[in-house]
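J.: In the working numbering, the protein residues as written are 1 to 278.
Beta carbons are placed, not taken as given, at the ideal position from N, Cα and C, and that holds for glycine.
Questions regarding the structure given below will be posed in turn.
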């Protein structure tokens with residue numbers, strides 16, 4: 001894989017991991033039409049590490065607060081026999097992230113590979129992109145007047161948002177889109193539903209990176225030069241940051257449905273190519 005292809009994959013990962021258009025679906029499309037694949041699990045993990053870094057950069061304030069509140073919370077548990085969640089919204093964030101991660105871990109780890117193998121086709125991605133577009137439109141309508149803050153979200157509803165996240169194990173269904181819609185459907189304000197969407201992705205991505213980190217060290221099996229690998233990694237960070245900030249702005253301004261048009265247009269082009277041109 002040359003450096004241009006590597007940078008393209010980094011840009012593709014950075015943008016589609018966060019914009020609600022499905023990164024897995026676009027990888028299927030890239031592999032089908034351009035003959036480009038991630039080449040090796042190490043590159044896959046490294047690109048996900050890049051997008052994880054993008055989340056830490058954009059939401060560094062919330063993440064730092066959660067880090068310190070985590071230890072304070074357990075200090076209160078020993079002193080006051082309570083987690084004292086009322087003391088900070090970041091304590092509630094921690095518990096909600098754990099709750100949302102439970103269904104993701106169970107379903108993702110047990111069925112993720114099965115879904116990717118069974119549904120990684122252009123035809124299926126076309127259908128799931130249509131579904132993603134419909135989901136985004138409905139979510140925006142449902143959450144148009146939401147005023148609930150994250151502190152009011154129950155742990156049960158956090159689990160429900162986690163179930164929305166598991167939809168994304170199917171290529172073509174957006175993880176960020178499904179979790180934002182999950183948050184909106186459960187009453188969260190648009191900006192807090194968006195932040196929660198990105199924060200609950202941290203355990204899943206971090207877990208995958210840690211479990212497979214040994215592959216990153218086996219650079220000789222990546223089939224790429226070190227400069228190409230670093231260029232791809234850097235591109236995923238830069239475009240990941242751009243995508244997060246763009247999506248936050250669009251959701252806040254009630255323009256989440258813009259991505260529906262993209263999903264439907266892409267699905268239409270894929271179906272035309274598959275059934276008429278091919």
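(1) CA-CA distance, residue 132 and residue 125?
(2) Name the residue from 149, 97, 177 and 201 whose alpha carbon lies nearest to the alpha carbon of residue 158.
(3) Does the contact criterion of 3 or more C-beta pairs under 8 Å hold for the segment 251-269 versus the segment 61-72?
(4) Nearest to residue 48 by alpha carbon, out of 201, 75 and 110?
(5) To the nearest angstrom, how far is the alpha carbon of residue 219 from that of residue 71?
(6) By DSSP's criteria, residue 148 is part of a beta bridge. Which residues make up the other side?
(7) For residue 57, tell me which candidate among 11, 240, 95 and 21 has the shortest Cα-Cα distance.
(8) Quick check: the segment 268-275 against the segment 140-153, are there 3 or more CB pairs under 8 Å?
(9) Starting from residue 59 and walking both ways along the alpha helix (DSSP H), at which residues does that stretch end?
(10) Among residues of its own chain, excluding the 5 on either side of residue 198, which ones have a beta-carbon nearer than 8 Å to its beta-carbon?
(11) Buried or exposed: residue 180, going by 16 or more other Cβ atoms within 10 Å of its Cβ?
(12) Distance, Cα to Cα, residue 134 vs residue 196?
(13) Are there 16 or more other CB atoms within 10 angstroms of the CB of residue 140, so buried, or fewer, so exposed?
(14) Roughly how many angstroms lie between the CA atoms of residue 13 and residue 173, to the nearest whole one?
(15) Which residues in the same chain have their Cβ closer than 6 Å to the Cβ of residue 204, if we skip the five residues on either side of it in sequence?
(16) For residue 9 and residue 182, I'd like the C-alpha separation in whole angstroms.
(17) Exposed or buried, what is residue 233 when buried is set at 16 or more other beta-carbons lying within 10 Å of its beta-carbon?
(18) Evaluate residue 144 with the Cβ neighbour count: other Cβ atoms within 10 Å of its Cβ, from every protein chain shown; 16 or more gives buried, anything less gives exposed.
(19) Please tell me whether residue 125 has its Cβ less than 8 Å away from any Cβ of chain B.
(20) Can you tell me which of 156, 52, 237 and 248 puts its alpha carbon nearest to the alpha carbon of residue 207?
(21) My output table needs one value for residue 200: the three-state DSSP class, helix, strand or coil.
(22) Would DSSP call residue 206 helix, strand or coil?
(23) Going along the chain, which residues of its own chain have a beta-carbon closer than 6 Å to the beta-carbon of residue 107, five neighbours each way excluded?
(24) Can you give me the C-alpha to C-alpha distance between residue 50 and residue 154, rounded to a whole angstrom?
(25) I need the DSSP call for residue 127, collapsed to helix, strand or coil.
(26) Taking Cβ to Cβ, would you say residue 130 is nearer than 8 Å to residue 264?
T.: Reading off the structure:
(1) About 10 Å.
(2) Of the candidates 149, 97, 177 and 201, the one whose C-alpha sits nearest the C-alpha of residue 158 is 97.
(3) Three or more Cβ pairs closer than 8 Å define a contact, and the segment 251-269 falls short of that threshold against the segment 61-72.
(4) The option with the nearest alpha carbon to residue 48 is 201.
(5) Note that residue 219 has pLDDT 49, beneath the 50 cutoff, so the model's placement of it is unreliable and no number is given.
(6) Beta-bridge pairing links residue 148 to 188.
(7) Residue 57 has its Cα closest to that of 240, out of 11, 240, 95 and 21.
(8) No: the two stretches stay apart, fewer than three of their Cβ pairs being nearer than 8 Å.
(9) Counting along the chain, residue 59 falls outside any alpha helix (DSSP H), and DSSP gives it neither H nor E.
(10) Excluding sequence neighbours, residue 198 sits near 18, 55, 58, 59, 176 and 244.
(11) It is buried - the Cβ of residue 180 has at least 16 other Cβ atoms within 10 Å.
(12) Cα-Cα distance, rounded: 21 Å.
(13) Burial call: buried.
(14) Rounded to whole angstroms, residue 13 to residue 173 spans 15 Å at the Cα level.
(15) These residues qualify, in order along the chain: 104.
(16) So the alpha carbons of these two residues sit roughly 28 Å apart.
(17) Buried.
(18) By the neighbour-count criterion, in which a residue is buried when 16 or more other Cβ atoms sit within 10 angstroms of its Cβ, residue 144 is exposed.
(19) Absent from the structure: chain B. Only one protein chain is present.
(20) Nearest C-alpha to residue 207: 52.
(21) Looking at residue 200 - three-state DSSP - the assignment turns out to be coil, as it is neither helix nor strand.
(22) It is helical.
(23) So the list reads 166, once near-sequence residues are dropped.
(24) Between the alpha carbons of residue 50 and residue 154 lies a distance of about 31 Å.
(25) It is helical.
(26) Yes, Cβ-Cβ distance for residue 130 and residue 264 is below 8 Å.
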